[in-house]
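Numbers in the working numbering are just positions in the sequence shown, counted from 1, shifted up by 40.
Just so it is clear, CB atoms sit at the ideal spot from N, CA and C, and this is done for glycine as well.
Keep in mind the model is a prediction, meaning the values are calculated, not measured.
Notes follow once the structure below has been shown.
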Amino acid sequence: MANLYADEQFPLPVVKLLRTSGHNVLTVQEAGNAGGSDPDVLAFAVSNERSVLTQNRRDFMQLHIQQPLHHGIIVCTDDKNLERLATRINEAISAEESLKCKLIRVNRPQR
Numbered sequence: 041m042a043n044l045y046a047d048e049q050f051p052l053p054v055v056k057l058l059r060t061s062g063h064n065v066l067t068v069q070e071a072g073n074a075g076g077s078d079p080d081v082l083a084f085a086v087s088n089e090r091s092v093l094t095q096n097r098r099d100f101m102q103l104h105i106q107q108p109l110h111h112g113i114i115v116c117t118d119d120k121n122l123e124r125l126a127t128r129i130n131e132a133i134s135a136e137e138s139l140k141c142k143l144i145r146v147n148r149p150q151r
């Protein structure tokens, strides 16, 4: 299972569902890093060997280009169905042997 670091705006119910799936998820708030910049979030994740979990797709996709040596960045589209979002994240990261240096996109299903 993955070691994840959920950014400040990531939905807490999804964090809890991912934990029940066996993932080790630390939130920015739990780490005492609330209010930090996106580069700070990535730096903390790198130093703690965690993959960033975010809905801030544009900024973190740019950070991935600028700083490709990380432990993974999972960018998600907004989905009001939080159980479905947690399931899609779990499926996406479970399909990978390693998240290191990867940008994983988890998109909301098309209607």
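For Asn130, the three-state secondary structure derived from DSSP is helix. For Ala71, the three-state secondary structure derived from DSSP is coil.
Here DSSP, grouped into helix, strand and coil, assigns Ser87 to helix. Cβ-Cβ separation between Ser91 and Ala42: approximately 6 Å, consistent with a contact (criterion under 8 Å).
In this structure Thr117 is exposed. Its beta-carbon is surrounded by fewer than 16 other beta-carbon atoms within 10 angstroms. Thr94 sits in a strand when the DSSP states are folded into three classes.
In chain order, Met41, Ala42 and Leu44 place their CB closer than 6 Å to the CB of His63, counting only its own chain and leaving out the 5 sequence neighbours on each side.
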